[in-house]
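Heads up: the sequence lines are chains S and E, in that order.
The numbers in full-length UniProt numbering rise by one with no breaks, and the one at position 68 of the first sequence is 68.
The numbers in full-length UniProt numbering rise by one with no breaks, and the one at position 101 of the second sequence is 101.
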Amino acid sequence: MSSAKSAATATASSAHSVVEPSPTSKRVAGAIVILYALITLVPLVWIFLTSIKSPPDSISYPPKILFTPSLEGYCNLFTTRTRQTPDYIAALPPPSGVCDAVTRERNMVIAGASNFLPRFANSLIIAFGSTFLAVSLGTLAAYGFSRFKVPLADDLLFFILSTRMMPPIAVAIPIYLMYRQLGLSDTALGMMLLYTAVNVSLAVWLLKGFIDEIPREYEEAAMIDGYTRLQAFFKVVLPQATTGIAATAIFCLIFAWNEYAFASLLTSGSAQTAPPFIPTIIGEGGQDWPAVAAGTTIFLVPILVFTILLRKQLLRGITFGAVRK
Amino acid sequence: MAEIRVDHLRKAFGDFVAVQDSSFTVEDGEFLALLGPSGCGKTTTLRMIAGLELPTGGGIHLGGDDVTYKRASERDIAFVFQLFALYPHMNVRKNIGFPLLSQGVPKAEIKRRVEETAKLLQIDHILDKSVSGLAGGDRQRVALGRAIVRRPKCFLMDEPLGTLDAEFRDVMVRELRELHNRIHATTVYVTHDQIEAMAMADKIAVMNHGIIEQFATPREIYNRPASMYVADFIGSPPMNFLRFSAGLPKGARIARIDGADVQMPELRADVAPGELALGVRPEHIRFSDASPLRGAIYGAEYLGTNQIVTVETAGGLVRARLPAERSYRIGDRVGLSFVADRLSLFDCRSGRAIPSTLHEGTLARDTRHREVRDLEVGHG
Ligand SMILES: Nc1ncnc2c1ncn2[C@@H]1O[C@H](COP(=O)(O)OP(=O)(O)O)[C@@H](O)[C@H]1O
Ligand SMILES: [Mg+2]
Numbered sequence: 001m002s003s004a005k006s007a008a009t010a011t012a013s014s015a016h017s018v019v020e021p022s023p024t025s026k027r028v029a030g031a032i033v034i035l036y037a038l039i040t041l042v043p044l045v046w047i048f049l050t051s052i053k054s055p056p057d058s059i060s061y062p063p064k065i066l067f068t069p070s071l072e073g074y075c076n077l078f079t080t081r082t083r084q085t086p087d088y089i090a091a092l093p094p095p096s097g098v099c100d101a102v103t104r105e106r107n108m109v110i111a112g113a114s115n116f117l118p119r120f121a122n123s124l125i126i127a128f129g130s131t132f133l134a135v136s137l138g139t140l141a142a143y144g145f146s147r148f149k150v151p152l153a154d155d156l157l158f159f160i161l162s163t164r165m166m167p168p169i170a171v172a173i174p175i176y177l178m179y180r181q182l183g184l185s186d187t188a189l190g191m192m193l194l195y196t197a198v199n200v201s202l203a204v205w206l207l208k209g210f211i212d213e214i215p216r217e218y219e220e221a222a223m224i225d226g227y228t229r230l231q232a233f234f235k236v237v238l239p240q241a242t243t244g245i246a247a248t249a250i251f252c253l254i255f256a257w258n259e260y261a262f263a264s265l266l267t268s269g270s271a272q273t274a275p276p277f278i279p280t281i282i283g284e285g286g287q288d289w290p291a292v293a294a295g296t297t298i299f300l301v302p303i304l305v306f307t308i309l310l311r312k313q314l315l316r317g318i319t320f321g322a323v324r325k
Numbered sequence: 001m002a003e004i005r006v007d008h009l010r011k012a013f014g015d016f017v018a019v020q021d022s023s024f025t026v027e028d029g030e031f032l033a034l035l036g037p038s039g040c041g042k043t044t045t046l047r048m049i050a051g052l053e054l055p056t057g058g059g060i061h062l063g064g065d066d067v068t069y070k071r072a073s074e075r076d077i078a079f080v081f082q083l084f085a086l087y088p089h090m091n092v093r094k095n096i097g098f099p100l101l102s103q104g105v106p107k108a109e110i111k112r113r114v115e116e117t118a119k120l121l122q123i124d125h126i127l128d129k130s131v132s133g134l135a136g137g138d139r140q141r142v143a144l145g146r147a148i149v150r151r152p153k154c155f156l157m158d159e160p161l162g163t164l165d166a167e168f169r170d171v172m173v174r175e176l177r178e179l180h181n182r183i184h185a186t187t188v189y190v191t192h193d194q195i196e197a198m199a200m201a202d203k204i205a206v207m208n209h210g211i212i213e214q215f216a217t218p219r220e221i222y223n224r225p226a227s228m229y230v231a232d233f234i235g236s237p238p239m240n241f242l243r244f245s246a247g248l249p250k251g252a253r254i255a256r257i258d259g260a261d262v263q264m265p266e267l268r269a270d271v272a273p274g275e276l277a278l279g280v281r282p283e284h285i286r287f288s289d290a291s292p293l294r295g296a297i298y299g300a301e302y303l304g305t306n307q308i309v310t311v312e313t314a315g316g317l318v319r320a321r322l323p324a325e326r327s328y329r330i331g332d333r334v335g336l337s338f339v340a341d342r343l344s345l346f347d348c349r350s351g352r353a354i355p356s357t358l359h360e361g362t363l364a365r366d367t368r369h370r371e372v373r374d375l376e377v378g379h380g
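Okay, here's the thing in structure tokens:
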């Protein structure tokens, strides 16, 4: 009896040491993670630093580590400017803001707002709209595939996935022609539909895995307790699928937010998104690097906020299959 | 509460028949255990009663209403799942109140009934806890709470103790039966554990490959198994079978096995020549030097209150439950004698019991009529 007990505690303590890493290995692991994080952060830091340099600093060689920060990049990003004579500028009333002042130093005056804000708004509308559509449709489809006997379910799932097997460039021309006929080219709706179509396959596959993991008994219990299947879906399945839905939404959003190939082919004017717009910011005598970097920095913010907000779900979602069973 | 009547119920999944022609009635307030090995169709039967699965044939009546093709939500039953199916995104109180919410019960009334139910199950102290941190027994009680809070027509439970550790199961078996004695809810309880079924049920339906082999009280099932399958499935160690070939006339009282005459209950039917088996419970065997039926001690298992002694006979191994005092040496030759009026005779080909005075005795007299009918059906 007592020997059995001590054997049990021995197993427990050895199991404990396997699960709980030693302080040294924890420190090593921490160092590796921090090092990796630093390496991946270098380009982002570079972009941010460039965005607060003046144009001459941004192209100086060797690159300047120490410099006087300037808001010129951000000013140039949001405005269009015209060159004027120094006399003209001297005759103007005092500058009304930081950007006014910065611009006048370069012998220019602000002529109006640039296209950045509308392009950025396009990105927001198209990316979040298509993510919402893809995740909604994907959840319903995944639930159907998971719970009902769908004829040819396996073939259908493969077919859905096959939409992701071609590079965008291979389908871009047919889509371009089709969109022109339908009046969808260079429209937000067209881009939203396109991104939804691409993302819905990812959403169906990811979410089917998550929903498969939710035992049917939960819905069945709800149905026995007097709820319809639809009510059971909303009250019992959806709350338990939030992790999966959040993870899927982030993946879909990142794709739609960063997408460049379709966007540059299918949008040029009113529906243009930020990715094809940012590289086209031209200054006097070449690329306005601080403005491009400023655009990129701002462009990173929404995805960063969204990911930080959902990071718990994202982590749980990614390790979901591993944790259960 | 209501009576459940299951009529020639059948369920096929494609070519595979999971439930075949099942008929039984659970009377108002009765506790029925559906007992059988894994895969025999217990869950399928229960799910058809619940409305989670539509039958291929037959009918189901709940309190007199035909509900065969009604939705689960319209049947007013409660179901306790094997994995409890507690909603992880709700706390205990919300889980228990969830069925009342669907019926549009006012908030104050829900609160009152949830608390009343929790008190009954002695879980009122964990009402505001999250269900994910609960221990097995408390999860079980919450699942029961969700079932009884609505006061449904009947309870269906699918191996609700299957995931608890053995120690705790005994406690829950007692609690479940006490709960039943207090609220008298018509209950169908699925289990593969004969001890659970024997300890809790008023009636047991023993299932095998989608067929109900016997439907009777626990005592009847133990004392007068309707088939060799039931005799073998119930009891630990199970019933011994002494096989022999013979044809016996109605009124016969002697079976000739290995050259020895063995007394048995008087037969109530003619038996055509063929393979037969005499069924002997281990506790109905005594060692007697005078007996012509002989064997050699093969092994003994000491259990404290008694011991299981295995004897090798010409017809195979026979297990006897004997007083614990004496010890036996392996290889010793012994004579076996049986308690004559407790023996069953089976037809090996059909596996069914042959009617005899065993089925008319004072044992479990209360349900004799059903028993006789069972046997006739089995034989026809
Ligand atoms: N949805 C289903 N599709 C196909 N076969 C099934 C389905 N449900 C159950 N079965 C089969 O029916 C038989 C009985 O299952 P079940 O009622 O769950 O058995 P038990 O509960 O007695 O273990 C099993 O062989 C099982 O594989
Ligand atoms: Mg089962």
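Just so it is clear, CB atoms sit at the ideal spot from N, CA and C, and this is done for glycine as well.
The structure displayed is predicted, hence computed values, not measured ones.
1. Hey, is E:D15 close to ligand 2, as in C-beta under 8 Å from one of its heavy atoms?
2. Which of the three DSSP states, helix, strand or coil, is assigned to residue 382 of chain E?
3. According to a CB-to-CB cut-off of less than 7 Å, which residues of the region 218–244 of chain E neighbour chain S?
4. Return yes when at least one heavy atom of ligand 1 lies under 8 Å from the C-beta of S:D155, else no.
5. Compare the Cα-Cα distances from E:L358 to each of E:G299, E:V280 and E:R326 and report the closest residue.
6. Can you find the residues in the same chain that come closer than 7 Å, C-beta to C-beta, to E:I195, ignoring five residues on each side of it along the sequence?
7. Three Cβ pairs or more, each shorter than 8 Å: is that satisfied between the region 227–237 of chain E and the region 62–73 of chain E?
8. Leaving aside the five residues before and after S:A153 along the sequence, list all residues of the same chain whose C-beta is less than 7 Å from its C-beta, in chain order.
9. Could you check whether the Cβ of E:R77 sits closer than 9 Å to any Cβ belonging to chain S?
10. Could you give the residue range of the beta strand (DSSP E) that holds E:K129?
11. Could you work out which residues of chain E lie near S:A221, taking near to mean beta carbons separated by less than 7 Å?
12. Cutting at 8 Å between CB atoms, please list the residues of its own chain near S:S14, excluding the five before and the five after it.
13. Take S:A142 and list the residues in its own chain whose beta-carbon comes closer than 7 Å to its own, dropping the five residues that flank it on each side.
14. Thinking S:L310 and S:A246 are a contact (beta carbons under 8 Å), I'd like their distance in whole angstroms, please.
15. From the beta carbon of E:G51, is the nearest beta carbon of chain S less than 9 Å away?
16. Do you know whose CA, among E:G162, E:I354, E:P218 and E:Y302, lies nearest E:K250's CA?
17. 9 Å is my cut-off, CB to CB: does S:S13 come that close to chain E?
18. Given a threshold of 16 other Cβ atoms within 10 Å of its Cβ, counted over all protein chains shown, does residue 428 of chain E qualify as buried or as exposed?
19. Return the chain-ordered list of same chain residues with a C-beta closer than 8 Å to the C-beta of S:V102, the five sequence neighbours on each side being excluded.
20. Less than 9 Å between the C-beta atoms of S:I224 and S:L77, yes or no?
21. Compare the Cα-Cα distances from S:R229 to each of S:I110, S:R216 and S:A241 and report the closest residue.
22. Pick from S:F255, S:I254, S:F148 and S:P276: whose alpha carbon is nearest that of S:A263?
23. Output yes if chain S places a C-beta closer than 9 Å to the C-beta of E:R139; else output no.
24. Hey, how far is the Cα of E:D170 from the Cα of E:G259?
25. Leaving out five residues before and five after E:E27 in sequence, what residues of the same chain have Cβ atoms less than 6 Å from its Cβ?
26. Bridge partners for E:R294 per DSSP, in chain order?
27. Any beta carbon of chain E sitting closer than 9 Å to that of S:G226?
28. Extract the residue ranges of the alpha helix (DSSP H) inside the region 59–127 of chain S, only unbroken runs of 4 or more that lie entirely within it.
29. In chain order, which continuous runs of the alpha helix (DSSP H) of length 4 or greater are located wholly inside the region 150–176 of chain S?
30. What residues in its chain sit with their C-beta under 8 Å from that of E:P323, if we drop five residues either side in the sequence?
31. One question on the structure: do E:D270 and E:G335 come within less than 9 Å of each other, judged by their Cβ atoms?
32. With 16 other CB atoms within 10 Å as the buried threshold, where does E:E301 fall?
33. When the cut-off is 9 Å and only beta carbons count, does E:S291 lie next to chain S?
34. Excluding the five sequence neighbours on either side, which residues of its own chain have a C-beta within less than 6 Å of the C-beta of S:A134, listed in chain order?
35. Under three-state DSSP, which class holds E:L52?
36. Who does E:H61 pair with in a DSSP beta bridge?
This is what the structure gives:
1. no
2. Nothing can be reported for residue 382 of chain E, as the shown portion of chain E is limited to 1 through 380.
3. none
4. No, the beta carbon of S:D155 sits no closer than 8 Å to any heavy atom of ligand 1.
5. Looking at the Cα atoms, E:V280 is the closest of the given residues.
6. Within the same chain, E:I195 has no close Cβ partners at all.
7. no
8. F145
9. Strictly speaking, residue 77 of chain E in this sequence is Ile, with Arg absent from that position. Chain S contact via Cβ: present.
10. No beta strand (DSSP E) holds E:K129; DSSP gives it neither H nor E.
11. F79, F81 and A85
12. Caution is warranted here: a pLDDT of 43 is assigned to S:S14, below 50, making its placement in the model unreliable, and the coordinate value is therefore given only provisionally. Around S:S14: no qualifying Cβ.
13. For S:A142, same chain residues with a beta-carbon under 7 Å away, outside a window of 5 residues either side, are V204, L207, K208 and I211 in chain order.
14. 5 Å
15. yes
16. E:I354
17. Residue confidence for S:S13 is low, a pLDDT of 43 falling below 50, so the modelled location carries little weight and cannot support an answer.
18. An answer regarding residue 428 of chain E cannot be provided, because it is not within the stretch 1 to 380 covered by chain E.
19. Leaving aside the five residues that flank S:V102 on each side, the residues in its chain whose CB is nearer than 8 Å to its CB run, in chain order, S70, L71, E72 and C75.
20. no
21. S:R216
22. S:P276
23. Not an interface residue.
24. 46 Å
25. E3
26. E:G335
27. yes
28. Taken in chain order, the unbroken stretches of alpha helix (DSSP H) that lie wholly in the region 59–127 of chain S and span 4 residues or more are 72–78, 86–90 and 98–105.
29. 153–162
30. N306 and Q307
31. no
32. Within 10 angstroms of the beta-carbon of E:E301 lie fewer than 16 other beta-carbons, which makes it exposed.
33. no
34. T196, N199, V200, A203 and C252
35. coil
36. For E:H61, which the question treats as bridged, DSSP gives the partners E:R5 and E:D66.
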